[in-house]
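What follows is a single structure, written as structure tokens, with notes after it.
Number of protein chains: 2
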Amino acid sequence: MVTIKEVARRARVSVAAVSRVFNHSPLVREATRQRVNRAALRLGYSPHGAAQSLVTNRTHTIGVLLQDPYGPFFSELIRGIERTAQARGYHLLVSTSRSAGETLDVVLRSMRGRVDGLILMTHDNYAATAGGTFQLGFPVVLLNCPPADAPCDSLGIANYDGTVAMMRHLTDLGHRRIAFIRGSEENFDSAERLRGYRAAVQRLELDQDPALELPGDFSEAAGHAAAKFIVDRALHPTAVFAANDCMALGALSAFRAAGLDVPTDLAVAGFDDIPMARYANPALTSVHVDFSELGERATDRLLGALREPAAHTPRRETVPTTLVVRRSCGAALS
Amino acid sequence: MVTIKEVARRARVSVAAVSRVFNHSPLVREATRQRVNRAALRLGYSPHGAAQSLVTNRTHTIGVLLQDPYGPFFSELIRGIERTAQARGYHLLVSTSRSAGETLDVVLRSMRGRVDGLILMTHDNYAATAGGTFQLGFPVVLLNCPPADAPCDSLGIANYDGTVAMMRHLTDLGHRRIAFIRGSEENFDSAERLRGYRAAVQRLELDQDPALELPGDFSEAAGHAAAKFIVDRALHPTAVFAANDCMALGALSAFRAAGLDVPTDLAVAGFDDIPMARYANPALTSVHVDFSELGERATDRLLGALREPAAHTPRRETVPTTLVVRRSCGAALS
DNA sequence: TTGTAAGCGTTATCAG
DNA sequence: CTGATAACGCTTACAA
Chain P
37 MVTIKEVARR ARVSVAAVSR VFNHSPLVRE ATRQRVNRAA LRLGYSPHGA
87 AQSLVTNRTH TIGVLLQDPY GPFFSELIRG IERTAQARGY HLLVSTSRSA
137 GETLDVVLRS MRGRVDGLIL MTHDNYAATA GGTFQLGFPV VLLNCPPADA
187 PCDSLGIANY DGTVAMMRHL TDLGHRRIAF IRGSEENFDS AERLRGYRAA
237 VQRLELDQDP ALELPGDFSE AAGHAAAKFI VDRALHPTAV FAANDCMALG
287 ALSAFRAAGL DVPTDLAVAG FDDIPMARYA NPALTSVHVD FSELGERATD
337 RLLGALREPA AHTPRRETVP TTLVVRRSCG AALS
Chain R
37 MVTIKEVARR ARVSVAAVSR VFNHSPLVRE ATRQRVNRAA LRLGYSPHGA
87 AQSLVTNRTH TIGVLLQDPY GPFFSELIRG IERTAQARGY HLLVSTSRSA
137 GETLDVVLRS MRGRVDGLIL MTHDNYAATA GGTFQLGFPV VLLNCPPADA
187 PCDSLGIANY DGTVAMMRHL TDLGHRRIAF IRGSEENFDS AERLRGYRAA
237 VQRLELDQDP ALELPGDFSE AAGHAAAKFI VDRALHPTAV FAANDCMALG
287 ALSAFRAAGL DVPTDLAVAG FDDIPMARYA NPALTSVHVD FSELGERATD
337 RLLGALREPA AHTPRRETVP TTLVVRRSCG AALS
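Chains as they are written, first to last, in this note's numbering: chain P, 37 to 370; chain R, 37 to 370.
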């Protein structure tokens with residue numbers, strides 16, 4: 037590969053001059069600049085990233101470490117992150133913690149000298165993370181994690197508010213007996229949604245049958261099973277609220293199989309508003325989450341921390357959700 | 037950050053020894069190894085990636101440059117790539133060409149010194165790519181591009197075969213008048229699918245009305261519009277085959293709006309078998325594409341080229357597709 | 001088995 | 001404005 041030296045020789049200047057031209061330094065005569073640019077172009081030169089990183093101590097890369105590159109969120113999230121990062125001249129190093137046999141810590145260490153900062157979304161063994169992460173030498177933004185004690189930026193979804201909003205909506209439609217299909221145990225989003233459900237049941241004085249809280253794990257199968265359980269045990273809720281859309285979709289198909297009509301016999305609602313929700317039959321009422329915005333804001337915070345580490349004060353932000361009413365809840369649609 | 041020097045000092049050895057330990061060189065006494073490891077652990081040392089890259093000229097990172105991080109494919113593709121790459125100790129640098137105002141060439145150059153190789157999926161201005169790319173100094177694997185004249189690895193989907201298989205299936209069901217909703221103009225997958233449709237019409241001696249080829253752009257709206265057109269102009273196909281599932285879904289909703297029943301009045305089929313296809317009403321018959329496998333194989337080829345550049349001979353591979361029969365085409369389901 | 005030292009390609013500090 | 005030159009953190013001959 038062609039190096040700065042060769043360009044310098046070709047342009048009959050010093051390497052310093054070439055460096056200045058490529059870094060848009062004003063301390064370069066126009067004639068020199070042109071000579072360098074011509075030489076660089078002819079030689080097809082472009083600076084060696086690793087060499088730059090070594091001396092400047094900045095990689096212009098941000099790391100994204102996710103649980104698993106799965107589902108509709110992933111692409112939206114990355115989309116938001118990538119868009120923001122690229123606009124500011126940053127690259128993206130994407131990794132997953134799940135697929136590696138390695139511990140989170142190992143993956144994190146392997147990023148040293150490769151990234152300027154990190155966006156981290158991981159559910160489990162968060163404690164370990166909180167312990168180890170912040171000594172990494174670069175700023176970290178946590179996604180969808182419980183608020184950390186450590187002084188660290190963190191972003192989350194308005195799970196609690198979104199859930200309460202949906203519960204209120206269902207209640208407004210006259211439902212007093214609302215079943216809830218829970219998400220995965222360890223998941224923080226899941227916990228928050230459950231908390232919202234319980235708070236709403238309490239506050240709105242709904243039926244408090246503990247049997248109405250069904251276990252689940254965010255999978256379609258779990259939703260199907262929960263719905264089947266509801267039918268088999270004759271729990272007779274008038275509405276079923278699943279902690280995510282996948283489970284709601286699974287429930288929908290189970291109810292259909294059981295000969296129940298949604299929304300006539302039963303209202304169904306989900307959470308996330310995945311693209312599929314709109315196409316379900318009946319179309320699924322859900323709580324819309326803007327993952328792309330989550331990604332954008334996470335990147336904004338991280339780049340902010342990078343730009344002025346001194347002025348940056350870590351904080352927790354929450355991305356709001358919006359209620360999306362469709363046919364599955366039986367509301368009159370305008 | 038703690039450097040190799042400090043570890044060396046702490047362990048009372050030379051930096052070379054530390055380096056050897058971290059590179060698992062056998063030329064280290066066990067006692068020394070332990071001393072170094074202890075020191076490194078205590079200091080929380082991990083090697084600086086950029087520094088390693090600079091001297092070894094290998095980044096252990098592969099670049100992935102895509103058009104747009106959109107849709108269901110993206111996550112599957114990345115999933116496949118990431119899984120394979122991580123298993124072999126490689127990182128992933130993800131970029132998109134669409135969002136940048138910069139030209140493809142600029143994005144590519146910016147990757148020098150940051151990646152060992154590149155997986156490139158880009159539809160348009162491919163010619164420019166073919167011209168510029170291969171002088172980049174690192175191996176490239178092309179995804180879903182027309183076969184290149186340049187000696188370059190390339191992988192594609194069996195678009196042609198998949199389309200023909202679907203056409204054969206529809207024909208077996210008795211359809212002789214099959215409309216086709218085309219994909220985007222510039223897209224290679226799109227072109228191949230169209231080629232397959234035409235070949236099938238010819239070979240199976242189906243109705244050849246040119247009006248049966250409807251324009252589209254892979255969007256749901258386009259599918260909707262095409263279906264509406266079919267109804268309005270009374271083209272009366274007995275089956276409609278969309279070049280992707282999104283358009284098929286759009287068509288489905290347009291037909292429903294027009295009071296037509298699928299599959300009774302009309303069969304509908306799509307391509308890609310996105311997750312949503314299964315949930316459509318009626319569930320959509322489609323051609324399944326395994327994007328995760330595409331990603332895996334692309335990564336395999338790239339890492340192969342990286343491992344032994346000499347022994348590596350570029351070639352074109354095609355990932356097969358499979359027909360997925362569901363309700364929308366009216367076939368009897370077992 | 002270990003240490004010394006020469007790079008790797010840049011940037012940045014100083015003199016000119 | 002420009003040019004030497006010393007880092008940056010690491011690997012790798014080459015010597016010991």
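By construction, the Cβ of each residue, glycine as well, lies at the ideal position given by its N, Cα and C atoms.
Closer than 9 Å at the beta carbon, the chain P residues around residue i
i, result
"T95 (chain R)", "G85, A86, R150"
Closer than 8 Å: residue i CB and nearest the ligand ATP heavy atom
i, result
"N223 (chain R)", "Absence of the ligand ATP is noted for the structure shown, with no ligands found whatsoever."
Below-9 Å beta-carbon distance, residue i vs any chain R residue
i, result
"N317 (chain P)", "yes"
"M37 (chain P)", "yes"
Contact under 9 Å by Cβ, residue i with residue j
i, j, result
"D309 (chain P)", "H324 (chain P)", "yes"
"I155 (chain P)", "H127 (chain P)", "no"
"M312 (chain R)", "P108 (chain R)", "yes"
"A279 (chain P)", "G252 (chain P)", "yes"
"A371 (chain R)", "A258 (chain R)", "Absent from the structure is residue 371 (chain R), since the part of chain R shown begins at 37 and ends at 370."
"P83 (chain P)", "F58 (chain P)", "yes"
"P356 (chain P)", "D189 (chain P)", "no"
"L330 (chain P)", "R362 (chain P)", "no"
"G284 (chain R)", "V267 (chain R)", "Checking the sequence, you will find Ala at residue 284 (chain R) rather than Gly. Not in contact: A284 (chain R) and V267 (chain R) (Cβ atoms no closer than 9 Å)."
"H205 (chain P)", "L359 (chain P)", "yes"
"L102 (chain P)", "T132 (chain P)", "yes"
"R119 (chain P)", "S328 (chain P)", "yes"
"A75 (chain P)", "R46 (chain P)", "yes"
"L342 (chain P)", "G153 (chain P)", "yes"
Residue i at chain P interface by Cβ criterion, 9 Å
i, result
"G167 (chain R)", "For G167 (chain R), the pLDDT reaches just 46, beneath the cut-off of 50, and the residue's location in the model is therefore unreliable, leaving the point undetermined."
"R115 (chain R)", "yes"
"Y233 (chain R)", "no"
"F291 (chain R)", "no"
Interface partners of residue i on chain P, CB under 7 Å
i, result
"R145 (chain R)", "S82"
"S89 (chain R)", "A86"
"G173 (chain R)", "M37"
Within chain R, the residues that residue i reaches when beta carbons sit closer than 8 Å
i, result
"L128 (chain P)", "L129, V130, S131"
Under 8 Å from the C-beta of residue i: neighbouring residues of chain P
i, result
"M312 (chain R)", "P311, M312, Y315"
7 Å Cβ cut-off: residues of chain R touching residue i
i, result
"S382 (chain P)", "Examination of residue 382 (chain P) is not possible in this model, given that chain P is present from 37 through 370 alone."
So if I threshold CB-CB distances at 7 Å, which residues from the segment 350-362 of chain R count as touching chain P? none
Whole alpha helix (DSSP H) runs in the segment 250-276 of chain R with 4 or more residues, listed along the chain? Taking 4 residues as the minimum length, the alpha helix (DSSP H) runs contained wholly in the segment 250-276 of chain R are 256-268, in order along the chain.
Counting only runs that start and end within the segment 107-136 of chain P, where is the beta strand (DSSP E) found for 3 or more residues in a row? Here the runs fully enclosed are 127-132.
Which residues, taken in chain order from the segment 284-309 of chain R, show a beta carbon closer than 9 Å to some beta carbon of chain P? L285, L288, S289
For the segment 178-210 of chain P, which segments carrying the beta strand (DSSP E) assignment without a break, of at least 3 residues, lie completely within its bounds, in sequence order? Runs of the beta strand (DSSP E) inside the segment 178-210 of chain P: 189-193.
Please go through the segment 272-333 of chain R and give each complete alpha helix (DSSP H) segment of 4 or more residues, from N-terminal end onward. 281-293
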